Amino acid sequence: MARIKLLVTGDMEKLALHESLKRLFPEQRNGKKVTWDTPQKVQGATSCRLQPLSLKHPPSKPMVTLAIAMIAEVTSGKTGSPADLVVVIDDVELSNLGQEKLVAEHFREAVNVAIANRKNKDIPEAEIRDILRERCSFHLLKPMVESYLFGDLNALGTAGVPRNVHPRLVHPTDVEEFETNDTDWLSTCRLQNKAKEEGGNPWWRHECHPKHYLEYLAQRVDKSYIYEETKHGKDALLTLDWRQVPKVRTDIPIIGSLFEDIAEWFDIPNPIQCQTHPTFYAAGTMDQAKLLLRNLG
845 MARIKLLVTG DMEKLALHES LKRLFPEQRN GKKVTWDTPQ KVQGATSCRL QPLSLKHPPS
905 KPMVTLAIAM IAEVTSGKTG SPADLVVVID DVELSNLGQE KLVAEHFREA VNVAIANRKN
965 KDIPEAEIRD ILRERCSFHL LKPMVESYLF GDLNALGTAG VPRNVHPRLV HPTDVEEFET
1025 NDTDWLSTCR LQNKAKEEGG NPWWRHECHP KHYLEYLAQR VDKSYIYEET KHGKDALLTL
1085 DWRQVPKVRT DIPIIGSLFE DIAEWFDIPN PIQCQTHPTF YAAGTMDQAK LLLRNLG
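Just so we're aligned, residue 845 is where the sequence shown starts under my numbering, counting upward by one.
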């Protein structure tokens, strides 16, 4: 039997992402049955805006903790049995929109820190690096998991948005470039943006927040509606038709890299017709010996 373990940073992803993804992949790999473990939830590392790496701005404690959890899952596992594929998945969040490459750089350095500072050195560093290169990946959701629900109206309806309420998006095909131009909602966005700027976050753009816009759309019909990730979000993610999310091939390159990576592990074509991102799927263009993880150089 082969095991896939996701390390995620949200409740919705812990409850449903593995089930949502596995529908698109085979039940066996190299003659072995594949099981998708319930994901492990770890604290996210992108809620604050990352700065370029330096002595003053090293990888944060949450970023290093993510790397430590990944290494533990692939070398020992919680039950003493290492996973065959470990995938760390964090959100970009509004705080790091446009900084996806920088997020990868921080995680890359966090992995090096975690390896250097590991307490259990029974496994030589060179062997650990070989294991990570073969069986570990780091990916993102942009800007967060709810953005992908906007690619499938049925899933969006499951999340609470009535079918007769139509989202208005600046980029109607690529949900990873999520931004609404809904004039009725933009007044609220301007207020939120001003408050965030006054609070020291001038980069905040509320019109790019899919979770809040989803709730607003649902409340157009039911003012009392409160979106719950662990209920509405979970059910929507379980029903999401990923094949509908990209409308043209150049859409969703961030999560497209995740699908490409897992498909490569299974040795099958990517089940989603979409683009990949050069930072998050480098395995096809780089010398394998120079990779840090399966998908990161």
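A virtual CB, placed ideally from N, CA and C, is assigned to each residue, including glycine.
Bear in mind the structure is a predicted one, so any value in this text is a computation, not a measurement.
- Classified as exposed, residue 1039 has fewer than 16 neighbouring CB atoms from the shown chains inside 10 Å of its CB.
- Counting only runs that start and end inside the stretch 963-1030, the beta strand (DSSP E) elements of at least 3 residues fall at 980-985.
- Look at residue 1047 here: in three-state DSSP terms it is coil, with no helix or strand label.
- In the structure shown, the three-state DSSP call for residue 1105 is helix.
- C-alpha of residue 1046 to C-alpha of residue 849: approximately 37 angstroms in a straight line.
- By the criterion of at least three beta-carbon pairs nearer than 8 angstroms, the stretch 1094-1108 is in contact with the stretch 851-869.
- Residue 933 is bridged by DSSP to 852, 983.
- Going by DSSP, residue 877 is part of the beta strand (DSSP E) stretching over 876-880.
- Rounded to whole angstroms, the separation of the alpha carbons of residue 988 and residue 978 is 27 angstroms.
- Rounded to whole angstroms, the separation of the alpha carbons of residue 1053 and residue 974 is 38 angstroms.
- Annotation: the continuous alpha helix (DSSP H) that includes residue 946 extends over 944-960.
- Nearest in C-alpha terms to residue 984, of all of 1003, 1017, 932, is 932.
- Using a Cβ distance threshold of 7 angstroms, residue 915 and residue 958 count as a contacting pair.
- Under a 10 Å Cβ-count criterion, residue 892 is classified as exposed, with fewer than 16 other Cβ atoms of the shown protein chains found around its own Cβ.
- If you draw a straight line from the Cα of residue 1095 to the Cα of residue 943, it comes to about 18 angstroms.
- In this structure, the straight-line span from the alpha carbon of residue 1007 to that of residue 952 is close to 42 angstroms.
- When C-beta atoms of the stretch 848-864 are compared with those of the stretch 1071-1091, three or more pairs fall below 8 angstroms, so the two segments count as touching.
- Between the stretch 1058-1067 and the stretch 1008-1028, the count of C-beta pairs closer than 8 angstroms reaches three or more; the two stretches touch.
- Looking from the CA of residue 1026, the closest CA among 1004, 908, 961, 1056 belongs to 1056.
- Nearest to residue 1088 by C-alpha distance, out of 1137, 1003, 1019, is 1019.
- In the same chain as residue 1134, and ignoring 5 residues on each side of it, the C-beta atoms closer than 7 angstroms to its own belong to 1141, in chain order.
- Distance check between residue 1083 and each of 878, 1069, 995 places 995 closest, using alpha-carbon atoms only.
- If you draw a straight line from the Cα of residue 1125 to the Cα of residue 1067, it is about 42 angstroms long.
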